[in-house]
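**Q** Take a look at this one; I'll ask things after.
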Amino acid sequence: MKAQCTMKRLIPLLLITTFAASANAQSALDQYLQKQLRQQQPEQQGGTPFSAPATPDPEKQAEAFTRIYATFCLKHIHELEKLRQRMAMAPQIPKEKAVNFLQGYEGEAWVVPEATGQYVIAMPKEKNMCFVYAYRAGQEKIQKTFSAIANAPAGSFHIKKGKDETKKMVFGDLHSVSYEWTLPGSPKRTILKLSTTSSEKAPMQAYAAATLITE
Numbered sequence: 043m044k045a046q047c048t049m050k051r052l053i054p055l056l057l058i059t060t061f062a063a064s065a066n067a068q069s070a071l072d073q074y075l076q077k078q079l080r081q082q083q084p085e086q087q088g089g090t091p092f093s094a095p096a097t098p099d100p101e102k103q104a105e106a107f108t109r110i111y112a113t114f115c116l117k118h119i120h121e122l123e124k125l126r127q128r129m130a131m132a133p134q135i136p137k138e139k140a141v142n143f144l145q146g147y148e149g150e151a152w153v154v155p156e157a158t159g160q161y162v163i164a165m166p167k168e169k170n171m172c173f174v175y176a177y178r179a180g181q182e183k184i185q186k187t188f189s190a191i192a193n194a195p196a197g198s199f200h201i202k203k204g205k206d207e208t209k210k211m212v213f214g215d216l217h218s219v220s221y222e223w224t225l226p227g228s229p230k231r232t233i234l235k236l237s238t239t240s241s242e243k244a245p246m247q248a249y250a251a252a253t254l255i256t257e
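Sequential numbering from 43 applies to the sequence shown in the numbering used here.
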């Protein structure tokens, strides 16, 4: 019940915690991620260091975002310690900046270098929760892909759609949707949540969470 209340409290927050960060902190984080992306990406043929495309492709960014969410968070939601071990080789975000991605919890956050843009994975300590963020991504494509993933779980899960709503925020409209996966006879529930915006004024345009509730 406590975990359920916590998740209900997080619904209206979604991206707000990150959006509430100061402009200076956000700028410093953006510079840090840009540096890590340059350092982590392999060199292209001819020895030219990789850099993100000057003209981002919203659909490819949406594909990368949902792929990261599915193959990192959802795949490991029952064994997040293995995911933490996997992330040991990824560039870790400094603690003072990682707080912007942890929804008020203690934990860690990492950069996932991709050719399409900047993505972040965050995991609270001792919590069955995993978050993914995208600075820029196509809203319509993300919503369609997320819905496809949420409605096609592996195994015999029962699928229940939760809230589907749009709220007015300072930067524009924020669309949020959630799903719940359960197995017959099991108290465990997996909660999938997504919040997106098409606003260019938003520091981030997509946030997704996977949460395993065991009670």
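Every residue, glycine too, gets a C-beta built ideally from N, C-alpha and C. All figures in this text were calculated on a predicted structure; none of them were measured in a lab.
(1) Does DSSP classify Q134 as helix, strand or coil?
(2) Which same chain residues, not among the five before or five after P195, have their C-beta less than 6 Å away from its C-beta?
(3) From what residue to what residue does the beta strand (DSSP E) around F173 run?
(4) According to DSSP, what are the bridge partners of Y161?
(5) Between L144 and the rest of its own chain, which residues show a CB-CB distance below 7 Å, the 5 nearest in sequence each way excluded?
(6) Let me make sure I understand the geometry here. Which of K102, G146 and K169 has the alpha-carbon closest to that of E121?
(7) Should the segment 175-187 be regarded as contacting the segment 196-210, the criterion being three or more beta carbon pairs within less than 8 Å?
(8) Which of helix, strand or coil does DSSP assign to T187?
(9) Apart from the five residues on each side of it in sequence, which residues of its chain come closer than 8 Å, Cβ to Cβ, to F107?
(10) Which residues in the same chain as S198 place their Cβ atom closer than 8 Å to its Cβ, once the five residues preceding and following it in sequence are excluded?
(11) Report all residues from its chain with a CB closer than 8 Å to the CB of T187; omit the five preceding and five following residues, and keep chain order.
(12) On the DSSP bridge list, what partners appear for V219?
(13) DSSP state of A140, grouped into three classes?
**A** Concretely, from the data shown:
(1) strand
(2) W223
(3) That run of the beta strand (DSSP E) goes M171 to A176.
(4) A176
(5) A151, A164 and P166
(6) K169
(7) Because the criterion of three Cβ pairs below 8 Å is not met, the segment 175-187 and the segment 196-210 do not touch.
(8) helix
(9) Y161, V174, A176, A179, I184, A248 and A250
(10) L225 and P226
(11) A104, E105 and T108
(12) D206 and L236
(13) helix
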